[in-house]
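Residue numbers (the working numbering), protein chains in the order written: chain A, 1 to 210; chain B, 211 to 281.
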Amino acid sequence: MPAQDLDEESSAWLRHLGADGRDRQAAERDLHAKLVRIALAEVRRRSASTPVTGPELDDVAHQAAADAMLAILAKLGDFRGESRFTTWAYRFVILEVSSKLGRHYWRNPPVALDADQWERLPDRFGLDPERQAEAAGILAEVRRVVDEELTSYQRRVFTAIVVDGIPLDALAAALGVRRNAIYKVIFDARRKIRRALAANGYLDRPGVEQ
Amino acid sequence: MSELERLERFLRADPRDVGCDEAMAVLHIYVDLVAAEQDAAGRYPGVAAHLAACGPCGEDFTGLLLAVAGG
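Here's what the structure looks like:
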C-alpha cells in the first residue's frame, strides 16, 4: 500500500522499522515494550482459564512478545494497510499468547475429579441444575449419538472438548494440529448430533442449521 | 429460555461460519472496524458468526480489542 494511504501513525511505524541504525533500534524497542505490556495484560486476563500461574505465566507473556516481535519483523512486507499497523502487530502477540497457553496446559493439567465426566455435561451446556430433568432425555440421546454415530476421531475430539472440558488450543497442541482442524471436527459433530436429534423427534425445525 | 433451547443453541452450526483460519486472518481488520464503531458484522458476517461460536477465537477477538483500546 502506498505510504500516503496509511494513517500517520502506521506510516511512521513502517518508516522507523524500515530505517537503519538507531532509528530502527528505537522503534523495535518501543514496539517490543508495547508487545510485552499487551502480552502480560492478556495472560492475566486469561489466568482464570489456564492452569499456568505465577512466574510461569509471566514467562509465557515474555516468550509470546519475543516470538511476536520476530514474526512482525519477518512479515513487515505483508502489512497491506487494511488496519492500523499497531492492530496488525498486536494480533501476532495475542495469537502467540493463545498458542503458548494451549501448549503449557499440559505441563500442569487440572486433575479430573471423577472418571465419568459425562455427568457434568449439563454444566458444559450451561443448563440450570434445577431444570436438568427437563433435558435428561435429550442428554441421553446426545450421548447415544456421540457413542454410535460419530466417527472415532469425532468422538475423541468431542469428548475431550465438550465432555472433559479440555481447552481447544490445548487439544490442538496435543494432537499437533491447527485450532481450525479441531474446530471443524466439533462443528461437524454438532451438526451431526443436531440432525440426529431432529430426526428422532427431540428437536423441532429439523432442516434449520442455524 | 428452556433447557431444550439451550441445547439447541449449543448445537447450532451456522453455515456462514468461516472457521478459525479465515477469521484470524482478518481479525485485525475486524477489530479496527469494531473499535471505530463501524458495521464489522455486516461487512464480515462469516467472521461474526465464527466469533460467536468459537470460544478461543472469541477470546482472541476480545484480547485484541482490549489491546487496541489500551493503545
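From the three backbone atoms N, C-alpha and C, an ideal C-beta is built for every residue, glycine too.
Report yes if the CB atom of L217/B is closer than 8 Å to the CB atom of A135/A, and no otherwise.
yes
List, in chain order, every chain A residue whose beta-carbon is nearer than 9 Å to that of V241/B.
S83, T87, Y90 and R91
Quick one: list the residues of chain B neighbouring R194/A, beta-carbon separation under 8 Å, in chain order.
E218, L221, R222 and A223
Proximity of G265/B and D227/B at Cβ, strictly below 8 Å
no
Quick check: the Cα distance between A167/B and V93/A, rounded to an integer number of angstroms?
Beyond the ends of chain B as shown, which are 211 and 281, falls residue 167/B; an answer cannot be given.
Reduced DSSP secondary structure (H/G/I, E/B, other) of D249/B
coil
So R178/A contacts chain B; which residues on that side make the cut at Cβ distance below 8 Å?
C230 and D231
Please say whether A277/B and I72/A have beta carbons closer to each other than 8 Å?
No; because the gap between Cβ atoms is not below 8 Å, this pair is not in contact.
Given this structure, state the Cα-to-Cα distance separating E149/A from A250/B, to the nearest angstrom.
38 Å
Kindly indicate if chain A contains any beta-carbon less than 8 Å away from that of D249/B.
So, not an interface residue.
Cβ neighbours of L243/B in the same chain (closer than 6 Å, five flanking residues each side left out)
A250
Would you mind stating whether W221/A and V163/A have Cβ atoms separated by less than 8 Å?
The question about residue 221/A has no answer, for chain A in this structure spans 1 to 210.
State buried or exposed for L70/A, treating a residue as buried only when at least 16 other CB atoms are found within 10 Å of its CB.
exposed
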